[in-house]
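Residue numbers (the numbering used here): 1 to 241.
See structure below.
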Ligand code: TIU
């Protein structure tokens, strides 16, 4: 089913160049803003990471999420995690490295990276509305073994505003998957974060290099400006009718 909404084109001041986006065929995709990555005692910390490094992404995402909700844009949240019986967790993932707790082990926020546990849930600041789509994914990419592709196709989506954590892992993997599937991805630079600042920087550079080999990168302020410009245009059009 094609998106029935009117065409609402706006320009985002992005890198490597500005991009004209029809916001009626654009969705906001928020990757894995879960307690397991953001808070002490979760999966991210068991891997040896300083989880406080991800906090900077929350406010920029909150601002874009509020604007998306105000204009009725499709909002999709993702969560990385596994079934309680670990049947969707490859041994190669569970057995890797020497984490302090492994996937499925009991931790302070419930079993590590398991669906339904407190740690698997999205942080309260960005909690999905009942009307929003939540995609549970077993891998790093949001298209692998999920219904995301079908959902976006049914909703007539052609463009994605992508944010979340971490920049070089689940955001990059998802953007690469989306790019191969024909979506224009605009990654929100300050709406992403990494446990490694240098990987955040390089993760964004890799997306926008070579003329935007995987997509575009824009700050939340530029996205908000474009959304607001579009909102005022449609309000003005509405008033004129
Ligand atoms: N470890 C790390 O940086 N990230 C992940 O394992 N998953 C996501 O990025 N969501």
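Here a beta-carbon is modelled for each residue, glycine too, at the ideal position from N, C-alpha and C.
Next item on the list: Measure from the alpha carbon of residue 93 to the alpha carbon of each residue in 77, 107, 75, 112, then state which is nearest.
Entry: 112
Check: Mapping DSSP to helix, strand and coil, what is residue 181?
Finding: coil
Note to self: What would DSSP say about residue 297, mapped onto helix, strand or coil?
What the structure shows: The shown model of the chain, from 1 to 241, leaves out residue 297, and the question about it has no answer.
Checklist line | Local conformation of residue 12 per DSSP, three classes | finding: strand
Notebook entry, point to check: Hey, is residue 195 close to the ligand TIU, as in C-beta under 7 Å from one of its heavy atoms?
Noted result: yes
Check: Residues in its own chain within less than 8 Å of residue 34 by CB, not counting five upstream and five downstream?
Finding: 42, 79, 80, 81, 119, 120, 121, 122, 123
Check: Can you tell me the Cα-Cα spacing of residue 109 and residue 143, whole angstroms?
Finding: 27 Å
Next item on the list: Give me the Cα-Cα distance between residue 68 and residue 96, rounded to the nearest whole angstrom.
Entry: 38 Å
Check: Cα separation between residue 186 and residue 137?
Finding: 21 Å
Margin query: At 3 residues or longer, what runs of the beta strand (DSSP E) sit wholly inside the segment 15-100?
Written below: 19-22, 26-31, 74-80
Next item on the list: Starting from the Cα of residue 212, find the closest Cα among 225, 219, 179 and give me that residue.
Entry: 179
Next item on the list: Sort out for me which residues DSSP pairs residue 106 with in a bridge.
Entry: 111
Notebook entry, point to check: With 16 other CB atoms within 10 Å as the buried threshold, where does residue 147 fall?
Noted result: exposed
Next item on the list: Report all residues for which the CB-ligand distance to some heavy atom of the ligand TIU is below 5 Å; order them along the chain.
Entry: 32, 80, 166, 169, 170
Margin query: Using 8 Å as the threshold, is the C-beta distance between residue 155 and residue 224 below it?
Written below: no
Note to self: Pairs of beta-carbons, one from the segment 53-70 and one from the segment 24-33, closer than 8 Å: are there three or more?
What the structure shows: yes
Checklist line | Separation of residue 229 from residue 101, as counted between CA atoms | finding: 47 Å
Note to self: Taking the alpha helix (DSSP H) that residue 150 belongs to, which residues open and close that run?
What the structure shows: 148-154
Item checked: Per DSSP, the bridge partner or partners of residue 164 -> 31, 192
Margin query: Comparing C-alpha positions only, which one of 218, 227, 226 sits nearest to residue 17?
Written below: 218
Item checked: Environment of residue 181 [buried if 16+ CB atoms lie within 10 Å] -> exposed
Margin query: Quick check: the Cα distance between residue 296 and residue 15, rounded to an integer number of angstroms?
Written below: No answer is possible for residue 296: it lies beyond the span of the chain, which begins at 1 and ends at 241.
Notebook entry, point to check: Cα separation between residue 253 and residue 83?
Noted result: No answer is possible for residue 253: the residues shown for the chain start at 1 and end at 241.
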